[in-house]
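Everything on this sheet refers to the single structure shown next.
Number of protein chains: 2
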Amino acid sequence: MTPILSKRDLTFQLFEVLPTARLPERERFAGHSRELYQDVLNLAYTVAERHFANHARQADLHEPTVMDGKVKLVPEVAGAMKAFREAGFFAAHHDEELGGLQLPWVVMQAVMAHFQAANVGSSGYPFLTIGNANLQRVFASPEQQEKYMLPLVEGRWFGTMALSEPQAGSGLADITTTATRRDDGTYSISGTKMWISAGEHELTGNIVHLVLARIKGGPAGVKGISLFLVPRYRINPDGSVGESNNVVLAGLNHKMGYRGTTNTLLNFGEGGETIGEIVGEPGQGLSQMFHMMNEARIGVGMGAVMLGYAGYLVSLEYARERRQGRLPSNKDPQSPPIPIIEHADVRRLLLRQKAIVEGGLSLGLYASSLVDDLQTGPEEGRSDAGLLLDLLTPIVKSWPSRYSQESLSDAIQVLGGAGYTRDYPVEMYYRDNRLNPIHEGTEGIQAGDLLGRKVTQAQGRGLQVLLERIHADLNAAEGLEGMSEIRQGVRDAVQTSQAALTKLISQAADLGPDLYLANANAALEMLGHTVVGWMWLRQASVAVRALPSASVSDRAFYEGKKQAARFFAVHELPKVPIWADLLGRADRTTLDMQAGWF
Amino acid sequence: MTPILSKRDLTFQLFEVLPTARLPERERFAGHSRELYQDVLNLAYTVAERHFANHARQADLHEPTVMDGKVKLVPEVAGAMKAFREAGFFAAHHDEELGGLQLPWVVMQAVMAHFQAANVGSSGYPFLTIGNANLQRVFASPEQQEKYMLPLVEGRWFGTMALSEPQAGSGLADITTTATRRDDGTYSISGTKMWISAGEHELTGNIVHLVLARIKGGPAGVKGISLFLVPRYRINPDGSVGESNNVVLAGLNHKMGYRGTTNTLLNFGEGGETIGEIVGEPGQGLSQMFHMMNEARIGVGMGAVMLGYAGYLVSLEYARERRQGRLPSNKDPQSPPIPIIEHADVRRLLLRQKAIVEGGLSLGLYASSLVDDLQTGPEEGRSDAGLLLDLLTPIVKSWPSRYSQESLSDAIQVLGGAGYTRDYPVEMYYRDNRLNPIHEGTEGIQAGDLLGRKVTQAQGRGLQVLLERIHADLNAAEGLEGMSEIRQGVRDAVQTSQAALTKLISQAADLGPDLYLANANAALEMLGHTVVGWMWLRQASVAVRALPSASVSDRAFYEGKKQAARFFAVHELPKVPIWADLLGRADRTTLDMQAGWF
Numbered sequence: 089m090t091p092i093l094s095k096r097d098l099t100f101q102l103f104e105v106l107p108t109a110r111l112p113e114r115e116r117f118a119g120h121s122r123e124l125y126q127d128v129l130n131l132a133y134t135v136a137e138r139h140f141a142n143h144a145r146q147a148d149l150h151e152p153t154v155m156d157g158k159v160k161l162v163p164e165v166a167g168a169m170k171a172f173r174e175a176g177f178f179a180a181h182h183d184e185e186l187g188g189l190q191l192p193w194v195v196m197q198a199v200m201a202h203f204q205a206a207n208v209g210s211s212g213y214p215f216l217t218i219g220n221a222n223l224q225r226v227f228a229s230p231e232q233q234e235k236y237m238l239p240l241v242e243g244r245w246f247g248t249m250a251l252s253e254p255q256a257g258s259g260l261a262d263i264t265t266t267a268t269r270r271d272d273g274t275y276s277i278s279g280t281k282m283w284i285s286a287g288e289h290e291l292t293g294n295i296v297h298l299v300l301a302r303i304k305g306g307p308a309g310v311k312g313i314s315l316f317l318v319p320r321y322r323i324n325p326d327g328s329v330g331e332s333n334n335v336v337l338a339g340l341n342h343k344m345g346y347r348g349t350t351n352t353l354l355n356f357g358e359g360g361e362t363i364g365e366i367v368g369e370p371g372q373g374l375s376q377m378f379h380m381m382n383e384a385r386i387g388v389g390m391g392a393v394m395l396g397y398a399g400y401l402v403s404l405e406y407a408r409e410r411r412q413g414r415l416p417s418n419k420d421p422q423s424p425p426i427p428i429i430e431h432a433d434v435r436r437l438l439l440r441q442k443a444i445v446e447g448g449l450s451l452g453l454y455a456s457s458l459v460d461d462l463q464t465g466p467e468e469g470r471s472d473a474g475l476l477l478d479l480l481t482p483i484v485k486s487w488p489s490r491y492s493q494e495s496l497s498d499a500i501q502v503l504g505g506a507g508y509t510r511d512y513p514v515e516m517y518y519r520d521n522r523l524n525p526i527h528e529g530t531e532g533i534q535a536g537d538l539l540g541r542k543v544t545q546a547q548g549r550g551l552q553v554l555l556e557r558i559h560a561d562l563n564a565a566e567g568l569e570g571m572s573e574i575r576q577g578v579r580d581a582v583q584t585s586q587a588a589l590t591k592l593i594s595q596a597a598d599l600g601p602d603l604y605l606a607n608a609n610a611a612l613e614m615l616g617h618t619v620v621g622w623m624w625l626r627q628a629s630v631a632v633r634a635l636p637s638a639s640v641s642d643r644a645f646y647e648g649k650k651q652a653a654r655f656f657a658v659h660e661l662p663k664v665p666i667w668a669d670l671l672g673r674a675d676r677t678t679l680d681m682q683a684g685w686f
Numbered sequence: 089m090t091p092i093l094s095k096r097d098l099t100f101q102l103f104e105v106l107p108t109a110r111l112p113e114r115e116r117f118a119g120h121s122r123e124l125y126q127d128v129l130n131l132a133y134t135v136a137e138r139h140f141a142n143h144a145r146q147a148d149l150h151e152p153t154v155m156d157g158k159v160k161l162v163p164e165v166a167g168a169m170k171a172f173r174e175a176g177f178f179a180a181h182h183d184e185e186l187g188g189l190q191l192p193w194v195v196m197q198a199v200m201a202h203f204q205a206a207n208v209g210s211s212g213y214p215f216l217t218i219g220n221a222n223l224q225r226v227f228a229s230p231e232q233q234e235k236y237m238l239p240l241v242e243g244r245w246f247g248t249m250a251l252s253e254p255q256a257g258s259g260l261a262d263i264t265t266t267a268t269r270r271d272d273g274t275y276s277i278s279g280t281k282m283w284i285s286a287g288e289h290e291l292t293g294n295i296v297h298l299v300l301a302r303i304k305g306g307p308a309g310v311k312g313i314s315l316f317l318v319p320r321y322r323i324n325p326d327g328s329v330g331e332s333n334n335v336v337l338a339g340l341n342h343k344m345g346y347r348g349t350t351n352t353l354l355n356f357g358e359g360g361e362t363i364g365e366i367v368g369e370p371g372q373g374l375s376q377m378f379h380m381m382n383e384a385r386i387g388v389g390m391g392a393v394m395l396g397y398a399g400y401l402v403s404l405e406y407a408r409e410r411r412q413g414r415l416p417s418n419k420d421p422q423s424p425p426i427p428i429i430e431h432a433d434v435r436r437l438l439l440r441q442k443a444i445v446e447g448g449l450s451l452g453l454y455a456s457s458l459v460d461d462l463q464t465g466p467e468e469g470r471s472d473a474g475l476l477l478d479l480l481t482p483i484v485k486s487w488p489s490r491y492s493q494e495s496l497s498d499a500i501q502v503l504g505g506a507g508y509t510r511d512y513p514v515e516m517y518y519r520d521n522r523l524n525p526i527h528e529g530t531e532g533i534q535a536g537d538l539l540g541r542k543v544t545q546a547q548g549r550g551l552q553v554l555l556e557r558i559h560a561d562l563n564a565a566e567g568l569e570g571m572s573e574i575r576q577g578v579r580d581a582v583q584t585s586q587a588a589l590t591k592l593i594s595q596a597a598d599l600g601p602d603l604y605l606a607n608a609n610a611a612l613e614m615l616g617h618t619v620v621g622w623m624w625l626r627q628a629s630v631a632v633r634a635l636p637s638a639s640v641s642d643r644a645f646y647e648g649k650k651q652a653a654r655f656f657a658v659h660e661l662p663k664v665p666i667w668a669d670l671l672g673r674a675d676r677t678t679l680d681m682q683a684g685w686f
């Protein structure tokens, strides 16, 4: 059986590094307990292993097709959705009155992590459905929630987000799908949406699309964009499913990976009217959508972490079992070959994976805990939590997407030729994860968001909160044994990053926006590595404190944490000054390159 | 039509950077001319485009299968092989008496580059066949050459190299296939070989396997390994193909990419005797095979370069045409979207690709020119050329394999969602190239070869030659305009690398072999970047000298070279000190990690 995730590490992250066990002290989580959370996580593990992991390769080998106008998936997907629904996970974080458990978001994210690790393609359907419902919970009217959201919370219908168009992917300001107001206050939607995941299938009785469109006669640019609830089938007054709403499947995209999630081209208003309801006020579409998008971005980052994590576990198991070669110091050809985990370079490949995926998991769960702090934490800390979450979101989305790809490449490398074949899942994870730096905002979009908006937002308060928290953890780690490399590494990274940003920001007016943003990627890399270094500082601090009284198996676990922190400090953090240098002196290399010179 | 390669750049590399046009001054190449070489390259372009590029995607979509015991390929492969044969490329570098043109190896490598770029899967068959014949040309007896080599030179039969076994991939010392001497001096071969590319197919009348095996009763380890010529069908005294030699296809490997090249598990001596002839003396197998392997390693590196290059050209074309968004300085939402090549971050993705693939091409052709210098250059320089080639081979194999993968990731990123679909070839190149860091010796094997053998070989003469040549090019570039970054970057990289290696080597005895080699990967990275930096110094020097009298289109070309060199200096070379630091102070992080701590 392919391992899904490390229960020991998840427990460590949630209950030793993060104060998840203290969340029941908050009013919304009253009556919860660490035991409840553990039970929910155990249930997630069981359902993910039995009903998601079972068909990950099947879904990869048999990508969705269209037969007789209907999307055909491998049959196990329906079983997975049923199991997910019956376990109550569509509603688990919602209010009790909606049938939920009021689970904290950090626990919910950890629940979802199991499904992402087990089968990222099939997990796409519940992910989009949950995100869609969450958006409605905030912005839709009570009547709309009753009509469009409740069926999603119950898992009876699924949801999508329909933003991109063939001519407008990263440039959402240029979407052209139109909404024409009808006499009854609803809108007639017309246009084409591209890259719509889960845009068509027969898994549920209906599909609720959240569609960005322009109301005819509205302003150009983002101010003219509104958000609409558009069902696949119209909904009768009694809530039952009625006739077709003329959302027509125009084609499927054939992807390198992530094949279990159908990806579609949809025409709205083809062969008949497509009717939608506006969410909130006109012109609010993009900002409303970003509510779902920000949640989706953390979800993408976590998905990347979990793919990398799954690959790491496969390669670790392989490295313990596969025997090959001898240590350089052993010249006896008659001695038996050793498990490859004994070779220093294989250790490097494993240690790098560990540093990436456990660092990424730490970051994803930390960000998820900020969602809880923003929503249910002490009143006085909510603003800071929100600003820090805003700042971290592009990093949480991008860093694991990029580095899990490197980690998965290392996993393949550990397996050698075997890793390049379908006999093992690592090549599939590698193909799956390559989508993550692209969807829900490319790396370029994230970098621009980080440097162009987030670091200076609210007079730089988010950045200031980040720096304060890192320094607090650095100070707390003072004197802890065996942590000099990670302490020094994080301290240097923070100082270097801060200096580069301060210098750049102080010159912003002189540089102008094009040059100011020219090295946005370097900012994303620099802060990404710094933040993950911080996550390793936090993990190592917990490990060092826990070591003296730890059991034998826990001792090994904590020593591994210390060593991975050291690895990140020695092998990865020294890259920070390179990015800081490009950024701080506003390097012009890319900007000066002319299109005609390529 | 998908672009194959840049003719302008190939001309630049061969005739402006390298002195290929002066090779006809050598006796073996008398009568050749630059025009002849250009004609051969033009023919290669035409054949590659018409007969190889035409079925790259087909071969990817329809991987080899076994039907009725026979391997079935897409039919276009046979047509490609016929076209390649009819163009005379199987023999082009061979002696005139064998029907060849006596092409220099650097030109032959450039010819082959076209086929690697057009269809790396189908190019595998001729590559292995040519390599097999080249090995026979050096080590096989005249009778064996007549019997086994000539049909390969004529392209009538194909060849393979059969080294790995299920239990012995990187650890070739542990192969167990046995050879039992028969009364007539031939050998009975028995065992199983794994990962044998082109191991079975119906493209040719016979297949000549070069098989590593142990003669029964011989010594353990590598000293007991010999090399055997083992045909698929036995060969009659008149050279015609006879009965089966009992080499049985036990299975196909199902790969993530590189699907056009059948990859097989072969049983020798199953259901009947498999007879082979020994090549040269017993116990010479590995060193003989390394003759082919070293050639294959340069071929792998060049294949990686060409996949990266093909991806770069696709993404460049896309970036010029696709319109999306506006510059940060443009706040007018009514203005039309701009071609994405205008965005700084897309320029970065393109410039990085350019720096990688053109730097890699420069390196691959430089190494190929060393093969010529070794074989046909002035007598007094041959030893140095050979030692430098030995030193560079692991870098030529590994650096493009690793960095073309990053380059191809950048190509996908430029295309965004489109790059993740089968509508464009970049996702295929990305899957194809991921094999290159694995086959013909993994990165770990290459790193160990470089640091454990090559840098100290012949009292470090190879390294000394490298340093001398870099310094000579640095001195020659003194005073050239607009090259300060690349000059400084290369100078720093060389000094840092040399210092780290000197320090490490001086402590080798104290450190012991395990610690000495623990950071071999860092040595491979450090010298790889340094050497590619040198290649950019050389290219930029030529460009700067050519600029004053260049045509308008050439001016743009040369400016692009200068800017890519600057990019490599500013974005890539600063990584060298990080690797040098790990190496110079013999970092223990990976070695200290315990298997039980993961």
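These protein sequence lines are chains A and B, in that order. 89 is the number of the first residue of the first sequence in our numbering; add one for each residue after it. 89 is the number of the first residue of the second sequence in our numbering; add one for each residue after it. Glycine is no exception: its CB is placed at the ideal position from the N, C-alpha and C atoms.
For residue i, would you say it is in contact with chain B, using Cβ-to-Cβ distances shorter than 8 Å as the test?
i: Gly684(A); result: yes
i: Ser121(A); result: no
For residue i, name the three-state secondary structure that DSSP assigns.
i: Gly364(B); result: strand
i: Tyr512(B); result: coil
i: Asn294(B); result: coil
i: Glu242(A); result: coil
i: Ile500(B); result: helix
i: Gly577(A); result: helix
For a contact defined as C-beta to C-beta under 9 Å, what are the partners of residue i on chain B?
i: Phe655(A); result: Thr677, Thr678 and Met681
i: Gln501(A); result: Pro525, Ile526, Thr530, Glu531 and Gly532
Determine, using beta carbons only, whether residue i and residue j come nearer to each other than 8 Å.
i: Asn351(A); j: Trp283(A); result: yes
i: Glu430(B); j: Ala683(A); result: yes
i: Gly357(A); j: Ser252(A); result: no
i: Val630(B); j: Leu451(B); result: no
Compute every distance between the C-beta of residue i and the non-hydrogen atoms of the ligand ADP, then say whether any falls below 7 Å.
i: Arg549(A); result: Judged by which ligands are present, the structure shown has none, so any question about the ligand ADP falls away.
Does chain A have any CB closer than 8 Å to the CB of residue i?
i: Trp193(B); result: no
i: Val388(B); result: no
i: Glu113(B); result: no
Can you pull the chain A neighbours of residue i, defined as C-beta to C-beta under 7 Å?
i: Tyr508(B); result: Lys343, Met344, Arg522, Leu523 and Ile526
Which residues in chain A have a C-beta closer than 9 Å to the C-beta of residue i? List them in chain order.
i: Val299(B); result: None at all; the shortest Cβ gap to chain A is about 18 Å.
Give me the subset of the stretch 318-344 of chain B whose CB atoms are less than 8 Å from a CB atom of chain A, sorted by chain position.
Asn341, His342, Lys343 and Met344
Report the residues of the stretch 577-603 of chain A with a CB closer than 9 Å to any CB of chain B, ordered along the chain.
Within the stretch 577-603 of chain A, the qualifying residues are Gly600, Pro601, Asp602 and Leu603.
Using a Cβ-Cβ cutoff of 9 Å, what residues of the stretch 254-288 of chain A are near chain B? List them in chain order.
Gln255, Ala256, Gly257, Ser258, Gly259, Ala261, Asp262, Met282 and Trp283
Determine which residues of the stretch 607-634 of chain A have a Cβ less than 7 Å from any Cβ of chain B, and write them out in chain order.
Ala608 and Asn609
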